[in-house]
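In the working numbering, the protein residues as written are 14 to 366.
Heads up: the structure comes next, in C-alpha cells.
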Ligand SMILES: C[S@@+](CC[C@H](N)C(=O)[O-])C[C@H]1O[C@@H](n2cnc3c(N)ncnc32)[C@H](O)[C@@H]1O
C-alpha cells in the first residue's frame with residue numbers, strides 16, 4: 014500500500030485488502046499446490062482428494078486462477094509455474110520454512126490488539142528454542158536467496174580481506190559476497206542454532222570453504238576478530254536505539270581503521286518517518302514479535318553511528334528492483350585508514366554527510 018487514504022471508497026478498498034491474502038493462505042493451509050502438482054484436476058476430483066466441499070473449492074480455485082497461481086481451462090485447473098515450484102512441496106525450489114513463517118505471521122497479525130494494548134510482543138513467555146531458530150533461519154535463506162547475489166554484485170567490497178556477516182543467520186549474504194570475490198574470507202556471527210543452518214548451506218557451495226562461524230550474542234559480548242567490512246542486514250529493527258548504539262560501538266571496535274559497517278534494513282526515509290510504506294508496516298511485525306524492535310529513519314541511524322564513533326556515513330543506492338528494502342543501504346566508515354572514496358562502483362552515488 015503506497016497511496017494515502019482520502020475518500021471512504023479508498024478506506025473500504027484498503028480494509029478489504031485482507032481478502033486475497035486470506036485466499037492465498039487458505040490454499041497454503043490446504044497444501045493445494047502440492048496436491049495439484051503437475052496434473053490437471055477437475056473440482057470434484059480435487060475436492061475429494063483434499064476432503065473439502067466442491068462448492069468451497071470451486072470458488073477458491075476460481076480466485077486463485079484470477080490471481081494467476083492456477084490456470085483454468087473449462088472446468089479444470091493446473092498449477093502456474095510459480096505454484097508448481099516454490100509453492101509445491103514436491104519441488105526442489107519449494108520455500109517451505111518461509112511459507113510457514115508467512116502463515117504464522119498472518120495468524121499473529123490477527124492478535125495485533127494484544128500488542129497494541131500492552132506494548133509487548135505476543136507470546137513473550139515462550140523461550141527461544143533451537144528448533145524454532147533453525148526453521149526461522151531457513152526461512153531467512155529462502156527470503157534472500159535471490160536478492161543476496163544482486164546486492165553483492167553492487168556493494169563494493171574490493172580490497173577487503175575479511176568480512177563479518179553479523180547476525181548473518183543462514184549466511185546467504187556472506188555466501189553471495191564470497192561467490193563474487195574469490196580472495197575474500199568471511200565469518201558469520203550468530204546464535205549456535207542459526208550457525209548450524211549456515212554450515213549446511215555453505216557445504217553446498219564451493220566458496221563455502223572460505224566461510225567460518227562465530228557463535229555470539231552481540232548484545233552481550235564483544236565481537237571477536239578484526240574485519241574490513243561488517244555486513245549487518247535485517248538486525249537493526251530487532252533492537253531499541255540504545256541497544257543498537259551499543260552494537261555499533263562493538264562493531265566499530267571489531268573494524269580495521271577505515272573499515273566499513275554496512276547496514277541493510279527497513280529504513281524510513283522521509284522527515285516524519287512514514288515512508289516507504291513497507292518499512293512502516295514492518296514496524297508492526299516488530300511490535301508483535303520483538304521485545305524492543307521498531308523501524309527507524311536513516312537519518313536517526315546515521316546520528317547513532319556518529320555518536321558511536323564512526324567518522325562518515327552515507328546512503329548507498331542500489332538499482333531499483335534489486336533491493337531487499339527501498340532506497341538504499343547505510344555505509345558507516347571507521348576512522349583512519351583509506352577512505353571509501355576509492356569505491357568505483359557507479360551505482361553507489363550515495364549522499365554523504
Ligand atoms: C532477521 S534475521 C536476518 C538474517 C540475515 N542477516 C538476513 O539479512 O537475511 C536476524 C538474525 O540476527 C540474529 N541475531 C539477532 N540478535 C542477535 C544477537 N543478539 N546475537 C547473535 N545473533 C543475533 C538472529 O539469530 C537472526 O539470524
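Beta carbons: idealized from backbone N, C-alpha and C, even for Gly.
These numbers were taken from a predicted model, which means no experiment stands behind them.
By the 16-neighbour rule on beta-carbons within 10 angstroms, residue 31 is exposed. In chain order, 104 and 106 place their CB closer than 7 Å to the CB of residue 98, counting only its own chain and leaving out the 5 sequence neighbours on each side. By the C-beta criterion, the region 190–197 is judged not to be in contact with the region 132–151, since fewer than 3 inter-stretch pairs fall below 8 Å. Contact annotation, residue 83 with residue 91: C-beta distance approximately 7 Å; criterion of less than 8 Å satisfied. Beta-bridge partners of residue 203 (DSSP): 228. Around the beta-carbon of residue 199, 16 or more other beta-carbon atoms lie within 10 Å, marking it buried. Considered as a whole, the region 106–193 harbours 175–179 as its complete beta strand (DSSP E) runs of no fewer than 3 residues, in chain order. In the three-state DSSP reduction, residue 64 falls in the coil class, being neither helix nor strand.
Between residue 264 and residue 282 a beta carbon distance of about 22 Å is seen, past the 8 Å cut, so the two are scored as non-contacting. With a threshold of 7 Å, the Cβ atom of residue 146 counts as near ligand 1, since some heavy atom of the ligand is closer than that. The C-alpha of residue 88 is placed about 44 Å away from the C-alpha of residue 300. Here the alpha carbons of residue 54 and residue 71 stand approximately 11 Å from one another. Rounded to the nearest whole angstrom, the CA to CA distance from residue 328 to residue 195 is 26 Å. A distance criterion of 7 Å places the beta-carbon of residue 248 in contact range of ligand 1, judged by its closest non-hydrogen atom. Note on geometry: alpha-carbon atoms of residue 344 and residue 34 lie some 35 Å from one another. The straight-line gap separating the alpha-carbon atoms of residue 102 and residue 52 is approximately 14 Å.
Taking 8 Å as the cut-off, the beta carbon of residue 41 is found closer than this to the beta carbon of residue 116.
If you check the CB distance, residue 111 and residue 156 come in under 8 Å. For residue 262, the enclosing alpha helix (DSSP H) starts and ends at 254–266. Per DSSP, the beta-bridge partners of residue 242 are 176 and 273.
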